[in-house]
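Residue numbers (my numbering): 617 to 750. Note that the Cβ used here is the ideal one computed from N, Cα and C, for glycine as well. On a predicted model such as this, the values are computed, not experimentally measured, just so you know.
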């Protein structure tokens, strides 16, 4: 592989990682991705309820508006999710595996994640508990 091809490939990989981490940088987007990971691959999840963090009270109308105008378009542009307005649902997009891999990797090492990032995150708390009980 020539230098130009290596540089182009490097840029492409950097862009893909940036897209994944940007997608996971907001609570509603993370909640959607985790909810989709928990759901069977061919199932959709109801919105806005599955985009809300269960530990923090959320105004459903405000969340719905944020989902419609910010979060869902971003996730759909990156092909991480597909979504519909009626019924208001999201499902796995063609590139869902890119974000799922990051979430899976984090859950796999839940025991090694600093406690300050685990406490209050129900999924990581559960993964850590299950790891301790094995």
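Measure the Cβ-Cβ separation of residue i and residue j and say whether it is below 8 Å.
i: residue 666; j: residue 647; result: yes
i: residue 702; j: residue 726; result: no
i: residue 639; j: residue 690; result: yes
i: residue 631; j: residue 715; result: no
i: residue 694; j: residue 628; result: no
i: residue 734; j: residue 745; result: no
Count the other CB atoms, across all protein chains shown, that sit within 10 Å of the CB of residue i; report buried if there are 16 or more and exposed otherwise.
i: residue 660; result: buried
i: residue 687; result: buried
i: residue 709; result: buried
i: residue 624; result: exposed
i: residue 696; result: buried
i: residue 619; result: exposed
i: residue 668; result: buried
i: residue 739; result: buried
For residue i, which option in the options has the closest C-alpha, if you only look at C-alpha atoms?
i: residue 672; options: 654, 651 and 644; result: 644
i: residue 712; options: 704, 670 and 699; result: 699
i: residue 670; options: 746, 728, 741 and 737; result: 737
i: residue 653; options: 706, 745 and 730; result: 706
i: residue 682; options: 664, 729 and 693; result: 664
i: residue 641; options: 619, 719, 746 and 723; result: 719
i: residue 637; options: 717, 731, 733 and 728; result: 717
Practice task
Could you name each continuous beta strand (DSSP E) segment of 3 residues or more that falls completely within the segment 685-730, going from the start of the chain to the end?
Solution key: Complete beta strand (DSSP E) runs here, min 3: 697-700 and 705-708.
Handout entry: Complete alpha helix (DSSP H) runs within the segment 639-675 (minimum length 4 residues, chain order)
Key = If one requires a minimum length of 4 residues, the alpha helix (DSSP H) runs lying completely within the segment 639-675 are 643-654, in chain order.
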